[in-house]
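**Q** Quick one: this structure, given as structure tokens, is what I'll be asking you about.
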Amino acid sequence: MTTENRKVSLIGVLLAAIFLYSATIPCQGALVRMDVSVLWCDADVVLIGDVLNITTHQREEGFIYRNVVVEVARYNKNPLNLSRVDVHVLGGVMGDIGSWVEDQPEFMVGETVLVFLRHHSEEHSRYQVDGYHVVGGPQGKFTVADGAATNIVGDKLGLTDSLGLLAIFVVSDLDLFVETEEGAVITIFVNVSNVGEVEGAYKVDLKLEGEVV
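Residue numbers 1425 to 1637, in the working numbering, belong to the letters of the sequence shown in order.
Dropping the structure here:
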């Protein structure tokens, strides 16, 4: 290969690398830590439902977002006259172009979710369409399974049904790394707070080496 051909090949590789790098555009976001009581207060609507489908859309200026359709099983705050709610998430992939926003929640078709939502209008939102977005980014989206709801940052809520409303329990201040001598007596404190709308009960089990004690 001649020097000229080698230069052309290197330029081709460089252009390909630049193209691949620019195909996915990262966007930085500032994720502010929010506990569940703050999520509850900031949300216009709180609901539990199943994710039916997810579609990706692109505005004329290149802005990409995903539309997540959630079929509502129960409203827990400010019920809407809707059986399905459109939840909008920043980022997505359209053809060879994609964008990723780090402080956005991720959804999967078929999963059951508990979501804290805020309304945005077509006229006053970057989405340019009426709908809802998740409060607190990934913190405001919980996956529901086995009577509990968990979000990506590790918050876990115990769910107790009562009269169609929800008791939401927040477990905090639990120290799992107590070191002591064998046979010694230790005291473990855990704080369980109900930030929901009704009374309920939440059982806390202590396990040692996999056994409930």
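Built from N, CA and C at the ideal position, the CB exists for glycine as well.
In this text the structure is predicted, and so the values were computed from the model without any measurement.
Contact between the stretch 1573-1583 and the stretch 1540-1547 is defined here as three or more beta-carbon pairs at a separation below 8 Å; is this criterion met?
**A** Taking 8 Å as the limit for Cβ pairs, the verdict is that the stretch 1540-1547 does not touch the stretch 1573-1583.
**Q** Starting from residue 1461, follow the alpha helix (DSSP H) in both directions and report where the run begins and ends.
**A** Residues 1460-1466.
**Q** Let me check understanding here. Comparing Cα to Cα, which of 1492, 1631 and 1465 lies closest to residue 1551?
**A** Selected option, being the one with the closest Cα: 1492.
**Q** Apply the 10 Å Cβ neighbour rule to residue 1583 and answer buried if 16 or more other Cβ atoms are within range, or exposed otherwise.
**A** So residue 1583 ends up on the buried side.
**Q** Taking residue 1482 as part of the beta strand (DSSP E), name the residues at either end of that continuous run.
**A** Residues 1469-1482.
**Q** Can you check whether the CB of residue 1513 is closer than 8 Å to the CB of residue 1541?
**A** Against a cut-off of 8 Å, the Cβ pair of residue 1513 and residue 1541 comes out as no contact.
**Q** Which residue comes first and which comes last in the beta strand (DSSP E) that contains residue 1510?
**A** Element bounds for residue 1510: 1508-1514.
**Q** Do residue 1511 and residue 1496 count as a contact pair if the criterion is CB distance below 8 Å?
**A** No, the pair does not count as a contact, with Cβ atoms beyond the cut-off.
**Q** Below 6 Å CB to CB, which residues in the same chain sit around residue 1560 once its five sequence neighbours on both sides are set aside?
**A** Hits under 6 Å: 1458 and 1463.
**Q** For residue 1617, report the span of its beta strand (DSSP E) as first-last.
**A** That run of the beta strand (DSSP E) goes 1615-1618.
**Q** Compare the beta carbon distance of residue 1630 and residue 1612 with 8 Å and say whether it is the shorter of the two.
**A** The answer is yes: Cβ separation under 8 Å.
**Q** Identify, in the order they occur along the chain, each residue of the same chain with its Cβ nearer than 8 Å to the Cβ of residue 1574, setting aside the five sequence neighbours on each side.
**A** Taken in chain order, the residues that qualify are 1566, 1567, 1580 and 1581.
**Q** Could you have a look at residue 1658 and say whether DSSP puts it in helix, strand or coil?
**A** Absent from the model: residue 1658. The displayed extent of the chain is 1425 to 1637, so no value can be given.
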